[in-house]
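Everything in the sequence shown is counted per the numbering used here, starting at 139 for the first residue and increasing by one.
Ideal Cβ placement from N, Cα and C applies to all residues, glycine included.
Below is one structure, written out as structure tokens, with a few remarks after it.
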Amino acid sequence: MTAHDETAHDETAQQEAPHEVRRGHSLAEPLHVLDRTTPTHEEHRLLKEIGPLVPVDADGVRAWVATTEEAARAVLDVRPPLSKHPDEWAALRRGEVPPDWTLLPMLTAHSMITRDGAEHRRLRGIAATGFTAKRVKAMRPRVTAITRRLLDELDPGSPVDLKERFCQPLPVIVVFELFGITGRDELAWFHERYTAQVDGRSGETARVAASAQVREALGELVRRRRADPAEDLTSALVEAGADGRCTDEELVGTLDLLLLAGHETTVHALCNTVHALLTHPVQLAAALAGEHPWSHVAEVGLRWNGPVRGLRARYAARDVVVAGALVRRGEPILVSLAGANRDGAPFDLSPPQGAGHIGFGVGAHLCLGAALARQELEIALGELFGRFPRLRLAVPEARLRLLGSTVVNGLEELPVLLEPGA
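Here it is in structure tokens:
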């Protein structure tokens with residue numbers, strides 16, 4: 139698709155009212171109640187049968203959900219009158235959003251994912267200093283070393299929870315090291331609290347408390363790095379935001395976003411892709427035979443079963459027609475990247491299934507850490523299956539349990555049997 143075609147595509151998907159719209163769809167009467175215990179793709183299959191933009195009840199909050207890739211792209215592109223700023227959210231202004239609503243801390247934090255225009259560019263520019271192509275490339279040997287060490291520690295003689303022992307610690311160590319958080323206890327402390335924010339098994343009180351504790355700890359980290367800079371990304375962000383270019387609240391919001399998105403999403407992207415390969419032996423055999431590079435395998439995995447269930451929101455600054463639905467001023471639109479990405483096709487490594495997905499967002503709002511995540515996935519998949527080419531599930535697939543999260547799309551655990559290559 140050319141840039142011109144993409145522009146035309148977005149303009150046809152998102153138009154200002156009045157225009158011909160489908161009748162009978164409004165937030166006054168939600169057509170579906172989101173259920174975190176329902177598998178992401180099962181729920182989105184039902185939503186897509188209703189339409190590309192569906193009014194729902196999301197844990198007591200009424201919102202539209204973009205169900206198709208086309209609708210999601212139109213929403214994520216954030217062209218006026220759509221906005222990322224929560225001040226445009228009418229129900230929030232009226233105090234109608236429960237203070238313990240799961241997504242509230244992420245959708246109201248002062249960070250680049252909740253700001254538009256010049257403010258978004260300023261915050262993104264500061265954060266981008268840590269994710270240059272040069273920096274990501276320089277991290278490759280370290281990512282490889284961490285990957286191999288974690289694989290060395292696995293015991294081939296008994297079942298292993300691959301999520302707990304490999305898929306989870308790899309992104310945690312990589313991302314937290316990048317920000318200068320390296321102590322084992324400190325790593326565990328942060329990871330426990332980030333997990334509490336996205337795990338469907340955590341209570342709402344625990345989620346809110348975990349979010350507050352993380353932000354307090356990150357505020358202290360910013361103060362320490364300002365007084366005593368180190369060779370890490372936190373210090374680089376503090377320096378980039380010096381002289382009034384960025385407030386402490388913005389620095390904390392940016393750190394919080396990068397740490398959460400930088401490890402929780404990669405954990406589940408890796409786990410989901412391994413799971414897909416283990417349950418599609420023909421595709422795994424093709425990858426093992428070298429028919430597809432591991433970088434391509436990662437892209438197909440991101441499209442077919444991505445890690446983000448619900449984290450992106452946009453708000454109508456005035457009445458607007460999106461994907462044939464009339465969205466009133468102040469109404470929110472949620473996007474499940476995982477749900478909108480899958481088009482119903484089976485898991486297939488044959489090109490071009492991995493191309494052009496929205497797993498990392500789109501355009502100017504593309505995830506800053508996308509290149510690092512892709513590098514981690516490529517290295518992890520290649521090293522894992524290079525070491526254990528006969529890797530297989532240790533339990534029937536039906537016994538695997540989903541997290542039941544409204545934020546991430548993933549498994550509670552991934553028990554496997556390791557069989558080294560000959």
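Residue i burial status per 10 Å Cβ neighbour count (16 or more: buried)
{"i": "Val313", "result": "buried"}
{"i": "Val171", "result": "exposed"}
{"i": "Asp370", "result": "buried"}
{"i": "Lys301", "result": "buried"}
{"i": "Arg211", "result": "buried"}
{"i": "Ser296", "result": "exposed"}
{"i": "Lys275", "result": "exposed"}
{"i": "Pro156", "result": "Low confidence applies here, because Pro156 scores a pLDDT of 41, under 50, leaving its location unreliable; read the following figure in that light. Under this definition Pro156 is an exposed residue."}
{"i": "Ser373", "result": "buried"}
{"i": "Gly391", "result": "buried"}
{"i": "Ala201", "result": "buried"}
{"i": "Val376", "result": "buried"}
{"i": "Thr205", "result": "buried"}
{"i": "Val235", "result": "buried"}
{"i": "Ala454", "result": "buried"}
{"i": "Pro243", "result": "buried"}
{"i": "Val533", "result": "exposed"}
{"i": "Pro237", "result": "exposed"}
Own chain residues within Cβ distance below 6 Å of residue i, not counting five before or after
{"i": "Leu415", "result": "Leu422"}
{"i": "His401", "result": "Pro309, Val310, Val313"}
{"i": "Thr178", "result": "Arg447, Ala476, Gly477, Asn547"}
{"i": "Cys384", "result": "Ile264"}
{"i": "Leu538", "result": "Leu549"}
{"i": "Arg511", "result": "Reading off the sequence, residue 511 comes out as Ala, not Arg. If we look at Ala511 and ignore the five residues flanking it on each side, its Cβ neighbours are Thr404."}
{"i": "Arg363", "result": "Thr372, Ser373, Val376"}
{"i": "His572", "result": "Because residue 572 is not part of the residues shown, which for the chain are 139 to 560, the question remains open."}
Member of the options whose CA lies at the smallest distance from the CA of residue i
{"i": "Asn443", "options": "Pro431, Ala407, Ala425", "result": "Ala407"}
{"i": "Met277", "options": "Gly499, Leu288, Gly507", "result": "Gly507"}
{"i": "Arg452", "options": "Leu398, Trp432, Leu288, Val473", "result": "Val473"}
{"i": "Arg345", "options": "Gly189, Tyr332, Arg232, Asp370", "result": "Tyr332"}
{"i": "Pro219", "options": "Val459, Pro419, Leu555, Ala483", "result": "Val459"}
{"i": "Ala209", "options": "Gly462, Thr246, Asp486", "result": "Gly462"}
{"i": "Ala355", "options": "Asp366, Ala378, Asp381, Leu393", "result": "Leu393"}
{"i": "Arg467", "options": "Trp227, Gly255, Arg480", "result": "Trp227"}
{"i": "Val203", "options": "Asp215, Leu185, Val216, Arg217", "result": "Leu185"}
{"i": "His248", "options": "Leu395, Thr417, Val405", "result": "Leu395"}
{"i": "Arg280", "options": "Pro243, Gln513, Leu556", "result": "Gln513"}
{"i": "Arg232", "options": "Val199, Val216, Gln351", "result": "Val199"}
{"i": "Pro484", "options": "Arg525, Leu426, Val420, Pro307", "result": "Val420"}
{"i": "Val192", "options": "Gly482, Ser488, Pro470, Leu529", "result": "Pro470"}
{"i": "Pro109", "options": "Ala424, His503, Leu522", "result": "The structure shown does not extend to residue 109, since the chain is modelled only from 139 through 560, so no value can be given for it."}
{"i": "Pro168", "options": "Gly189, Glu180, Arg183", "result": "Gly189"}
{"i": "Ala347", "options": "Leu359, Phe328, Arg361", "result": "Phe328"}
{"i": "Glu516", "options": "Arg364, Pro367, Val438, Leu529", "result": "Val438"}
{"i": "His163", "options": "Pro527, Val465, Phe523", "result": "Val465"}
{"i": "Arg183", "options": "Leu165, Ala166, Glu207", "result": "Glu207"}
{"i": "Leu555", "options": "Glu181, Arg303, Ala266", "result": "Arg303"}
{"i": "Ala378", "options": "Thr267, Leu529, Thr343, Met250", "result": "Thr267"}
{"i": "Asn479", "options": "Val194, Ala166, Leu214", "result": "Leu214"}
{"i": "Glu187", "options": "Val336, Arg528, Gly482", "result": "Gly482"}
Cutoff 7 Å; reference residue i; Cβ partners in own chain excluding five residues on either side
{"i": "Leu440", "result": "Ala407, His495, Gly497"}
{"i": "Cys505", "result": "Ala399, Phe498, Gly499"}
{"i": "Arg253", "result": "Lys222, His223, Leu261"}
{"i": "Glu535", "result": "Thr417"}
{"i": "Cys409", "result": "Lys301, Cys305, Gly548, Leu549, Leu552"}
{"i": "Val245", "result": "Looking at the sequence provided, one finds Leu at residue 245 rather than Val. Hits under 7 Å: Pro224, Thr252, Ala451."}
{"i": "Ser340", "result": "Ala334"}
{"i": "Gln351", "result": "Arg331"}
{"i": "Pro558", "result": "Pro294, Arg525, Phe526"}
Own chain residues within Cβ distance below 8 Å of residue i, not counting five before or after
{"i": "Thr544", "result": "Leu172, Arg174, Ala196, Asp197, Thr240, Leu241, Gly338, Arg447, Gly448"}
{"i": "Ala509", "result": "Phe269, Ala271, Val274"}
{"i": "Glu521", "result": "Thr282, Thr285, Arg286, Leu289"}
### Query
Taking the runs of the alpha helix (DSSP H) that are 4 residues or longer, which of them lie wholly in the region 413 to 495?
DSSP runs (the alpha helix (DSSP H)) wholly in the region 413 to 495: 419 to 426, 432 to 442, 475 to 479.
Does the region 281 to 291 come close enough to the region 423 to 432 that 3 or more CB-CB pairs lie under 8 Å?
no
Length-filtered (4 minimum) alpha helix (DSSP H) runs lying within the region 350 to 388: 371 to 378
(request) Just list the alpha helix (DSSP H) runs in the region 170 to 237, keeping only unbroken ones of 4 residues or longer that don't cross its boundaries, in chain order. (result) 178 to 188, 207 to 214, 228 to 231
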